[in-house]
Amino acid sequence: MKSSKLIALALIILSFIWIGSGFLSAAPSNNASNESIDETKQEKEKLFQVRIREISPDLYRDEISVTGRTRASRQIEIKAQLAGQINKILKEEGENVQANDLIAELELREYGARVEEAQKRVEQRRIEYNAAKKLAGQGFNSKVTLASALADLENAKANLKQASTDFKNTKIQAPFEGIIFEQNIEDGDYVNIGDSLFSIVDLDPIEVTVFVSEREVQYVRMGQISKITFLNGQTLTGKVSFISPSANDETRTFRVTVSAENKDLKFYDGLTAKVSIPANNMQAYRISPSILSLNTAGIVGIKIVDENNKVRFMPIKIVADEQEAMWVEGPEGTVRVITVGQDFVIEGQEVNPVVAQGDSLL
């Protein structure tokens, strides 16, 4: 009886010893795991911390923006075709004129008399020619006499034509619709052939002349819709109406003309204007200029963090500048760009990236 009790007591004691040994062996294992976690955390804390932002490409509508000056679509200096006295001025400087409007007249009497005289001479020569022709038909006149009479008739006709042209030129007309912007004569003035009388400009359409670079001209097309912006903020919509086929020898730029309707004539010749011409559309990234870096070769780029949290340098090409941002090409797809701390890390360095919050570019 006693022996069985002793055996049972021994088994109970051994059981407690076995269970206790399990707890003792488990305690060091938990401590080792905690130590491993702490070491990983400490290693991460030792990595340099940078702020990153995921960026993806957007559609960027590129445009050519150049400044030029407006000019009249047509401008002409009207000169005297005859010598004579100005008899009447019907339109003056600053007035609008329509095509073929009478704007001034020379003294008519002298040139009217020349027309009458020339007409009489033609009639006389025609009678002489008909008579010579009749006599030649009857065998009384030679062919030489007939030819001479015909020549006299043709000469008289030519003189009449010239006299009629001179008479017509006494009436000075506007060649096209426009504005008289310069008047050089007054009533009673005597003018000689070639003297400047008026200058007329056509402001509808108005034209803007600009010069674009060799790189930009490849995107310009005839008829392309363009926006014209003036210094006062007013705008016009125009079309490309001329592209020079040859570059300027000194500037290596190409002359481009944009034309726009100006029916109310409120846009004048010589105004400064900015012309925006759409170019090609592209996928580009919008970033802050402050994140740009230079590599050891002096190439401009940005620093990104790859899937292994390693720093990578990515060359970029600047597409366009805005007031607080820029559009660039270079990356592909979505990238994690370093926005703060890029100046303190080098390519290949492992970092601790922290994702930026908010809509800021940084």
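1030 is the number that the numbering used here gives the last residue of the sequence shown; the numbers go up by one with no jumps. Idealized CB from N, CA, C, for every residue including glycine.
Going by Cα to Cα distance, which pick from the options is closest to residue i?
i	options	result
ILE861	ILE754, VAL783 and PRO946	ILE754
GLU722	GLY1001, ASP1011 and ASN1020	GLY1001
ILE1014	ILE848, GLU745, GLY846 and MET982	MET982
VAL1019	GLU822, ASN977 and ILE986	ASN977
THR1007	GLN991, GLN851 and GLN1025	GLN1025
VAL734	ASP1027, SER881, GLU992 and THR813	SER881
ILE986	MET950, PRO1021 and GLN1010	MET950
PHE898	GLY938, ASN837, SER864 and PHE866	GLY938
ASP726	GLY998, VAL1022 and PRO1021	GLY998
LYS825	TRP995, GLY805 and ARG793	ARG793
ILE732	LEU821, GLU884, ALA740 and ARG742	GLU884
LEU962	ASP974, ILE984, ARG954 and GLU975	ILE984
ALA767	ARG742, GLY752, SER914 and ALA751	ARG742
SER724	PHE1012, ASP1011, GLN1010 and TRP995	TRP995
Mapping DSSP to helix, strand and coil, what is residue i?
i	result
THR919	coil
GLN991	coil
GLN787	helix
ILE911	strand
PHE691	A caution first: PHE691 carries a pLDDT of 38, below 50, which makes its placement in the model unreliable, though a value can still be read off. Three-state result, PHE691: helix.
ASN900	coil
PRO999	coil
GLU722	strand
GLN841	strand
THR833	helix
GLY805	helix
VAL812	helix
GLU796	helix
ILE847	strand
ILE861	coil
ASP823	Note on residue identity: the sequence assigns Asn, not Asp, to residue 823. Of the three classes helix, strand and coil, the one that applies to ASN823 here is helix, per DSSP.
GLN892	coil
GLY969	strand
LEU758	coil
TYR779	helix
ALA817	helix
VAL1025	Strictly speaking, residue 1025 in this sequence is Gln, with Val absent from that position. Correct three-state label for GLN1025: coil.
LEU1082	Examination of residue 1082 is not possible in this model, given that the chain is present from 669 through 1030 alone.
ILE853	coil
GLN766	coil
GLN1010	helix
SER956	coil
GLU975	coil
GLU731	strand
LEU828	helix
Shorter than 6 Å, the distance from the beta carbon of residue i to the closest heavy atom of the ligand HEM, or not?
i	result
ARG793	The ligand content of the structure shown is nil, which means the ligand HEM is not present either.
For residue i, collect the residues of the same chain with a Cβ closer than 6 Å to its Cβ; drop the 5 residues on either side in sequence, then sort them by chain order.
i	result
THR925	GLU875, THR877, SER909 and PHE910
PHE808	none
ILE972	ARG980, MET982, VAL1003, ARG1004 and VAL1005
GLU763	ILE848
ILE746	LEU865 and PHE866
GLU850	SER867
SER689	Its pLDDT being 45, under 50, SER689 is placed unreliably by the model, and nothing is read from it.
In its own chain, which residues sit with a C-beta less than 8 Å from the C-beta of residue i, not counting the 5 before and 5 after it?
i	result
LEU1041	Beyond the ends of the chain as shown, which are 669 and 1030, falls residue 1041; an answer cannot be given.
LYS756	ALA772, GLU773 and ASP855
PHE691	Since pLDDT at PHE691 reaches only 38, below the 50 mark, its modelled position is unreliable, and the value read off the structure follows with that caveat. No residues qualify anywhere along the chain.
VAL765	LYS759, ILE771, ALA842, GLU845, GLY846, ILE847, ILE848 and ILE868
LEU776	ASN755, PHE835 and THR838
SER894	THR905, GLY906, LYS907, VAL908, VAL926, VAL943, SER944, ILE945 and PRO946
PHE879	VAL734, GLY736, ASN916, THR919, THR921, PHE922, ARG923 and VAL924
Within 10 angstroms of its Cβ, does residue i collect 16 or more other Cβ (buried), or is it exposed?
i	result
SER693	Low confidence applies here, because SER693 scores a pLDDT of 43, under 50, leaving its location unreliable; read the following figure in that light. Exposed, because fewer than 16 other Cβ atoms sit within 10 Å of the Cβ of SER693.
LEU1030	exposed
VAL812	exposed
THR738	buried
ASP1027	exposed
GLY969	buried
PHE935	buried
GLN830	exposed
ALA952	buried
ASP870	buried
VAL718	buried
ILE720	buried
Going along the chain, which residues of its own chain have a beta-carbon closer than 7 Å to the beta-carbon of residue i, five neighbours each way excluded?
i	result
GLY1016	LYS978 and VAL979
SER832	VAL783
LYS931	ASP872
ILE896	VAL876, THR903, LEU904, GLY906, VAL926, ALA928, ALA941 and VAL943
LYS801	LEU814
ASN948	ASP730 and TYR887
Open item on the list: Quick check: the segment 853–867 against the segment 910–918, are at least 3 beta-carbon pairs closer than 8 Å?
Closed with: no
- [ ] Evaluate contact between the segment 767–784 and the segment 915–935, counting only Cβ atoms and requiring at least three cross-stretch pairs below 8 Å.
- [x] The way I'd put it, the segment 767–784 doesn't touch the segment 915–935; fewer than three beta-carbon pairs between them come closer than 8 Å.
Open item on the list: Three Cβ pairs or more, each shorter than 8 Å: is that satisfied between the segment 939–948 and the segment 957–976?
Closed with: no
Open item on the list: Measuring CB atoms only, is the segment 815–826 touching the segment 782–798, in the sense that at least three cross pairs come out at less than 8 Å?
Closed with: yes
Open item on the list: Using a Cβ distance threshold of 8 Å, determine whether the segment 879–899 contacts the segment 831–846, with at least three qualifying pairs required.
Closed with: no
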